[in-house]
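At position 193 of the sequence shown the residue is numbered 200 (this note's numbering), and the sequence of numbers has no breaks. Cβ coordinates follow ideal geometry from the N, Cα and C atoms, glycine included. Remember, predicted model here, so these are calculated numbers, not experimental data.
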Amino acid sequence: MYKWIAALVGYYYFRFPGAILGYFTGVLLEQYSRRNFFNSINPADFEINLLALASTVIKADGSVKKQELEFVRNFFIGHYGQDKAKKIFKIFNEQVKNEIQNIEKLSKVFIERTRYETRLQIIHFLYGVANSDGKIANQELDKINQIAIALGINLLDVESIKAMFIKSSDNAYKILEIESDASDEQIKTAYRNMAKKYHPDRIYSKDPAMIKGAKEKFQEVQKAYEIIQKERGI
Numbered sequence: 008m009y010k011w012i013a014a015l016v017g018y019y020y021f022r023f024p025g026a027i028l029g030y031f032t033g034v035l036l037e038q039y040s041r042r043n044f045f046n047s048i049n050p051a052d053f054e055i056n057l058l059a060l061a062s063t064v065i066k067a068d069g070s071v072k073k074q075e076l077e078f079v080r081n082f083f084i085g086h087y088g089q090d091k092a093k094k095i096f097k098i099f100n101e102q103v104k105n106e107i108q109n110i111e112k113l114s115k116v117f118i119e120r121t122r123y124e125t126r127l128q129i130i131h132f133l134y135g136v137a138n139s140d141g142k143i144a145n146q147e148l149d150k151i152n153q154i155a156i157a158l159g160i161n162l163l164d165v166e167s168i169k170a171m172f173i174k175s176s177d178n179a180y181k182i183l184e185i186e187s188d189a190s191d192e193q194i195k196t197a198y199r200n201m202a203k204k205y206h207p208d209r210i211y212s213k214d215p216a217m218i219k220g221a222k223e224k225f226q227e228v229q230k231a232y233e234i235i236q237k238e239r240g241i
């Protein structure tokens with residue numbers, strides 16, 4: 008929107024050169040506006056909603072396991088500090104815990120106020136929660152898939168994250184979102200695309216948990232590529 012208005016104003020005053028200058032000025036304004044919009048989520052809303060999504064995964068298989076609760080607790084303490092984590096848990100326990108969690112409603116906050124790359128890290132975190140007791144139940148997988156759909160996450164991206172937790176012989180290829188019979192050139196292209204997608208600089212979030220998650224995911228992508236390189240002698 009900004010770019011076309013700026014282009015028209017530029018054309019009115021300076022004709023064609025002004026239109027070009029106005030257009031690119033508008034592009035920069037749009038990027039700045041978009042970045043500020045995605046950073047505008049209230050940190051408290053982010054943290055409480057993240058905890059609420061984690062609770063739906065924990066309860067998915069019908070039993071609340073100690074390891075899963077400890078994983079979430081340690082995650083929040085490790086990323087937000089003990090005092091802040093205490094406040095988050097207090098608000099959650101008093102205001103949210105006993106409510107029926109609406110995944111669509113919870114996800115809407117993230118859809119409207121965070122970038123796609125940040126939402127990928129949320130799925131990564133939820134897989135960590137489900138895997139904290141050493142096994143991911145089918146009900147937990149179903150719940151995470153439900154959340155991923157609500158967050159607008161591409162199926163290939165979900166499978167890529169899943170491959171980091173559920174090991175198989177072709178894991179490295181799944182992480183790069185490519186088939187095991189792909190050519191060397193296709194693998195290189197896939198790696199470049201994935202490295203760009205999961206680079207921490209693309210998160211545009213000040214949330215320490217999401218930044219750390221992005222770094223871990225980026226490292227997993229690099230490891231997967233190194234495994235394939237070694238296997239193929241690329």
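Practice problem: Could you have a look at Ala-144 and say whether DSSP puts it in helix, strand or coil? | Solution: coil
Quiz item: For Glu-184, which of helix, strand or coil comes out of DSSP?
Solution: coil
Practice problem: Using alpha carbons as the reference points, say which of Asp-68, Ala-51, Asp-140 lies closest to Lys-97. | Solution: Ala-51
Practice problem: Rank Gln-89, Lys-91, Leu-127, Glu-75 by C-alpha distance to the C-alpha of Ile-218 and give the top, closest one. | Solution: Leu-127
Quiz prompt | Assigned secondary structure, Val-165 (DSSP; H/G/I helix, E/B strand, else coil) | solution = helix
Quiz item: Apart from the five residues just before and just after Gly-240, which ones in its own chain have a Cβ nearer than 7 Å to its Cβ?
Solution: none
Quiz item: The alpha helix (DSSP H) spanning Ala-202 covers which residue range?
Solution: 191-204
Quiz prompt | First through last residue of the alpha helix (DSSP H) which encompasses Ser-114 | solution = 110-120
Quiz item: Are the beta-carbon atoms of Ala-59 and Leu-113 separated by less than 9 Å?
Solution: yes
Self-check item: Pairwise C-alpha distance: Ala-61 and Thr-125
Solution: 16 Å
Practice problem: Measure how close the beta-carbons of Glu-2 and Leu-163 come, nearest whole angstrom, since I'm counting them as under 8 Å. | Solution: The question about residue 2 has no answer, for the chain in this structure spans 8 to 241.
Quiz prompt | Asn-109 versus Ala-170 - alpha carbon distance | solution = 27 Å
Exercise. Work out the CA separation of Asp-68 and Leu-57 for me, nearest whole Å.
Key: 19 Å
Exercise. Helix, strand or coil for Leu-58, going by three-state DSSP, please let me know.
Key: helix
Quiz item: Rounded to a whole number of angstroms, what is the C-alpha to C-alpha distance between Asp-90 and Phe-83?
Solution: 10 Å
Practice problem: Label Gly-88 either buried or exposed according to how many other C-beta atoms from any shown protein chain fall within 10 Å of its C-beta, with 16 as the threshold for buried. | Solution: exposed
Quiz item: Who are the near neighbours of Ile-3 in its chain, counting only those whose CB is closer than 7 Å to its CB and skipping five residues on each side?
Solution: Because the chain here runs from 8 to 241, residue 3 falls outside it and cannot be looked at.
Practice problem: Please report the Cβ distance between Asn-138 and Phe-172, rounded to the nearest whole angstrom; I am assuming they are in contact, meaning their Cβ atoms lie under 8 Å. | Solution: 5 Å
Self-check item: Residue span of the alpha helix (DSSP H) that contains Lys-93, given as start and end
Solution: 89-98
Exercise. Inspect the beta-carbon positions of Asp-140 and Gln-74 and report whether they are closer than 9 Å.
Key: yes
Quiz item: When the Cα atoms are used, what is the spatial distance from Phe-117 to Ile-130?
Solution: 12 Å
Quiz item: Where does Glu-233 fall in DSSP's three states?
Solution: helix
Self-check item: Three-state class that DSSP yields for Ile-241 in the structure shown
Solution: coil
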